[in-house]
Each structure stands twice: as structure tokens, then as C-alpha cells.
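S.K.: Before I ask anything, let me first share the structure, which is written out below as C-alpha cells.
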Amino acid sequence: MERTLSIIKPDGVRKNVIGEVIRRFEAAGIHIAAMKMLRLTKAEAQGFYAVHKERPFFDSLTDFMSSGPIVVMVMEGEEVIKKNRELMGATNFKDAAPGTIRRDFATDIEQNVVHGSDAPETAAFEISYFFNALEICS
Ligand code: UDP
Ligand code: MG
Numbered sequence: 007m008e009r010t011l012s013i014i015k016p017d018g019v020r021k022n023v024i025g026e027v028i029r030r031f032e033a034a035g036i037h038i039a040a041m042k043m044l045r046l047t048k049a050e051a052q053g054f055y056a057v058h059k060e061r062p063f064f065d066s067l068t069d070f071m072s073s074g075p076i077v078v079m080v081m082e083g084e085e086v087i088k089k090n091r092e093l094m095g096a097t098n099f100k101d102a103a104p105g106t107i108r109r110d111f112a113t114d115i116e117q118n119v120v121h122g123s124d125a126p127e128t129a130a131f132e133i134s135y136f137f138n139a140l141e142i143c144s
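Given below as C-alpha cells:
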């Protein structure tokens, strides 16, 4: 059993697709083990995306991620990191496969609706950024 962190980004909340995104996760057999809505400060968004701090899109990305409420979730299941990335689709929605969340709802390479951890180590860091052990219901 694996865990991953999922975020419905500010554009996903604004687009009213919280329910649809979660529906897709559950339909794929993924278990939601923790969930909350919150709004990141710019500094908190910078901390979350610290791996990207040298990238040209970092300032714009962290402005965007702190522009409104987000929904953060811990998700559990077999190979859930990979399964979630498949449901999300490619970073750039123009490259995302038909039927993926990003292909269906993203409007921009930045405003791409969802975040998902990309490896077990990043999942562990990202989950602990938002949740403590008592908040996760296996
Ligand atoms: N991003 C962007 N421009 C780019 C690449 C990425 O604005 O050229 C944003 C986009 O919101 C993406 C996030 O930065 O989801 C993190 O980038 P990463 O390469 O980790 O993509 P992801 O893992 O989210 O698919
Ligand atoms: Mg990434």
C-alpha cells in the first residue's frame, strides 16, 4: 500500500470541479485517507515547490498556488502514485491523454487543476507538509 499527496489547485476550485476530480479518484479505486481545504501564503507555496525554485516559472507558479483556496488530500492504494499521475495526465494539458483530468479541465500549462506527488520520497515530504500522522485515516 502506497500513499500520495493530491492537490486540487486554485483553478480547479474556481472551475467547480472538486467533486468531479474526487469522483474520478474514487472510481479508480483510490482511497481518500485525509482531506482539507486551505489557502497557502506565497511563502508556504514557495516551501511546497522548493524543488522548482531555480525554474523560470517558480514565481508565477507560487503566485498562482497562493491565489485562492486549494483542496489537499492524502490518497492510498496500490501503486497510487503512478495511478494518480495517469488520471491527472501530462503537465501540459495539450500533451495530456484524452479522458485525463488535465486534458478535460486545464486551461494553461500552469493552471492545470491538480498536483500529484511523483515518487515515494516526494510523497512523504509533501504529505508531511500538510498533515500530521493523527490526521491520516488509513
Ligand atoms: N509549470 C509551469 N510551467 C512549466 C512547467 C510547470 O507553469 O513549464 C507548473 C505547472 O502548474 C506544474 C507545476 O509547475 O503542474 C509543477 O511542475 P512539474 O514539472 O513538477 O509538473 P507536474 O509534476 O505538476 O506534472
Ligand atoms: Mg511535479
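Per my numbering, the very first residue in the sequence shown carries number 7; after that it's consecutive. All C-beta atoms in this analysis are idealised placements derived from N, C-alpha and C, irrespective of residue type, glycine included. Only a predicted model underlies this, so the values are computations on that prediction, with no experimental measurement involved.
1) Rounded C-beta distance between Leu-67 and Tyr-55? I'm assuming under 8 Å.
2) Beta carbon of Val-119, beta carbon of Lys-15: below 7 Å?
3) Is any heavy atom in ligand 2 found nearer than 6 Å to the beta carbon of Asp-114?
4) Is Leu-44 helix, strand or coil when you go by DSSP?
5) Could you round the C-beta distance between Met-94 and Ile-76 to whole angstroms and report it? I think they count as a contact, below 8 Å.
6) Just reading off the beta strand (DSSP E) that Val-77 is part of, what are its end residues?
7) In whole angstroms, give me the CA-to-CA distance for Met-7 and Thr-128.
8) Using a threshold of 7 Å, state whether the C-beta atoms of Gly-53 and Arg-91 are closer than that.
9) So is Arg-61 buried or exposed if we call it buried at 16+ other beta carbons inside 10 Å?
10) Below 6 Å CB to CB, which residues in the same chain sit around Phe-136 once its five sequence neighbours on both sides are set aside?
11) Are the CB atoms of Phe-70 and Glu-116 nearer to each other than 7 Å?
12) Along the alpha helix (DSSP H) that carries Glu-26, what are the first and last residues, could you check?
13) Would you give the residue range spanned by the alpha helix (DSSP H) that Ser-12 belongs to?
M.R.: A quick look at the data gives this:
1) 6 Å
2) Yes; because the gap between Cβ atoms is below 7 Å, this pair is in contact.
3) no
4) strand
5) That pair is no contact at about 15 Å.
6) 76-83
7) 16 Å
8) no
9) exposed
10) Val-78
11) yes
12) 24-33
13) Careful: Ser-12 lies outside any alpha helix (DSSP H), inside the beta strand (DSSP E) at 8-14.
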